[in-house]
Amino acid sequence: MTTTKPKRIAVAVNPNAAFGRGRAVGPAVIQSLRGAGHEVTTLVEPTFIELLESAKKAVATKPDALVVVGGDGMVNLAAQVLAGTKVPFGLVPSGTGNDMARGLGIPIGNTEAAVEALLLALDRPPRIIDTGRVVNADGVESRFACVLSAGFDAVVNERANLMRWPKGKSRYNLALLRELAMLRPLHYRLTVDGTVIETDAVLISVANNVSFGGGMKVTPDALLDDGEFDVLVVQPLSRLAFLRIFPRVFKGTHITDPRVAVYRGKSIRVEAEGVVAYADGERVGALPISIDVVPSSLRVLAAVP
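For the sequence shown, numbering that gives the first Met the number 0 assigns the number 0 to the initial residue and increments by one for each residue that follows.
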């Protein structure tokens with residue numbers, strides 16, 4: 000398959016995506032892009048930090064696109080490197096959660112279909128979406144594109160990232176059940192566009208995308224390009240109540256429960272003691288954190304609007 004004009008493309012590959020089960024995806028993507036006549040620079044490093052630095056150097060040469068191969072962590076890399084630039088990113092999912100691919104309508108579990116979608120998108124204007132700008136308690140600034148977690152969900156994420164079994168999204172479910180045994184609400188001071196909300200909660204998410212954790216539709220009405228976050232707050236629940244409401248998260252029907260609230264806003268501050276935040280599955284740091292939406296700041300090669 001050829002395109003109207005060959006492009007210079009940097010391809011950043013996470014060889015450890017899905018615990019190494021996606022190792023064959025990167026070479027397949029590179030081969031397909033070269034077969035379509037594009038000039039490809041391959042970026043593979045042993046750590047995320049080193050890959051981030053390599054991606055920054057590659058983007059400084061002003062390629063026509065950065066393609067990331069992996070899961071939502073690689074989307075986070077793209078957001079860190081490309082937000083505010085005119086360089087678009089393409090995504091071929093090979094991770095565990097792949098929630099940004101879901102939100103963008105990119106095929107999951109079918110590398111050939113994902114590459115075909117990417118090749119088509121290379122010849123079309125990029126879709127432009129929002130990102131979140133985060134400043135943590137140490138004053139360190141970062142970006143995210145999908146969902147930021149700052150509660151029980153972040154604790155589950157941290158445990159899931161350390162687990163080596165099981166593979167796939169069931170890992171998140173098992174991590175959740177393990178942490179459920181120690182479930183306790185925390186007191187939060189949540190500020191949404193200047194309005195302060197003092198609340199006890201077990202789960203807090205600031206979302207640009209619909210889902211996280213491999214298809215959990217935590218904020219089913221979220222839009223990637225509406226200039227606002229959807230902020231999910233789950234008030235204290237017993238373990239039994241949590242287990243009853245949890246299956247509904249995969250359909251997004253949990254938001255009808257009276258103990259679940261969704262706020263919308265452009266500027267969010269989350270404060271609590273002893274809580275670490277995660278964004279796109281990557282560790283952000285301890286609370287408090289401030290989060291601002293940056294509208295129309297990331298260009299995406301995604302054919303589905």
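We put the beta carbon where it would ideally sit given N, CA and C, even for glycine.
This one's a predicted model, so the numbers in the text were calculated from it and none came from an experiment.
Look at the beta carbons and you see the segment 59-78 touching the segment 275-292: at least three pairs across the two are nearer than 8 Å.
Its chain contains L185, Y187, L286 as the residues whose beta carbon lies nearer than 6 Å to that of A271, once the 5 sequence neighbours on both sides are disregarded; these appear in chain order. Counting of Cβ neighbours within 10 angstroms places S53 among the buried residues, the total reaching 16 or more. The straight-line gap separating the alpha-carbon atoms of V232 and G102 is approximately 21 Å.
The DSSP assignment places 110-121 as complete runs of the alpha helix (DSSP H) inside the segment 108-141, in order along the chain (cut-off: 4 residues). Judged by DSSP secondary structure, E270 falls outside any alpha helix (DSSP H) and instead within the beta strand (DSSP E) spanning 266-270.
Positions of the beta strand (DSSP E) runs, each at least 3 residues long and wholly inside the segment 58-91, are given as 64-69 in order along the chain. About 16 Å separates the beta carbon of V58 from that of L90, a gap too long to meet the 8 Å contact definition. Scanning V293, A301, S296, V269 for the CA closest to the CA of N135 turns up V269.
Selection G25, A35, P26 evaluated against P5 yields A35 as nearest (Cα-Cα). Counted as a single uninterrupted DSSP element, the stretch harbouring G214 is not any alpha helix (DSSP H), since DSSP gives it neither H nor E.
Between D192 and K265, the C-beta spacing is below 8 Å.
Considering only I196, T194, V114, the residue with the shortest C-alpha distance to A301 is V114.
Nearest in C-alpha terms to V12, of all of H37, E38, E49, is E49. Taken through DSSP and simplified to helix, strand or coil, P26 comes out as helix. Boundaries cannot be given for I105, as no beta strand (DSSP E) includes it and DSSP labels it neither H nor E. For a cut-off of 8 Å, the C-beta gap from G150 to A200 is around 6 Å, short enough to register as a contact. Here V139 is exposed. Its C-beta has fewer than 16 other C-beta atoms within 10 Å.
Annotated as proximal: F228 and R263, with beta-carbon spacing under 8 Å. Shortest Cα-Cα distance from G96 to any of P246, P45, V146 involves V146.
Between P92 and the set K55, D225, A100, the nearest pair of CA atoms involves A100. In this structure V299 is buried. Its beta-carbon is surrounded by 16 or more other beta-carbon atoms within 10 angstroms. The beta carbon of A78 is closer than 8 Å to those of T130, R142, F143, A144, D279, L297 in its chain, skipping five residues each way along the sequence. Looking at the DSSP output, T194 bridges to V191.
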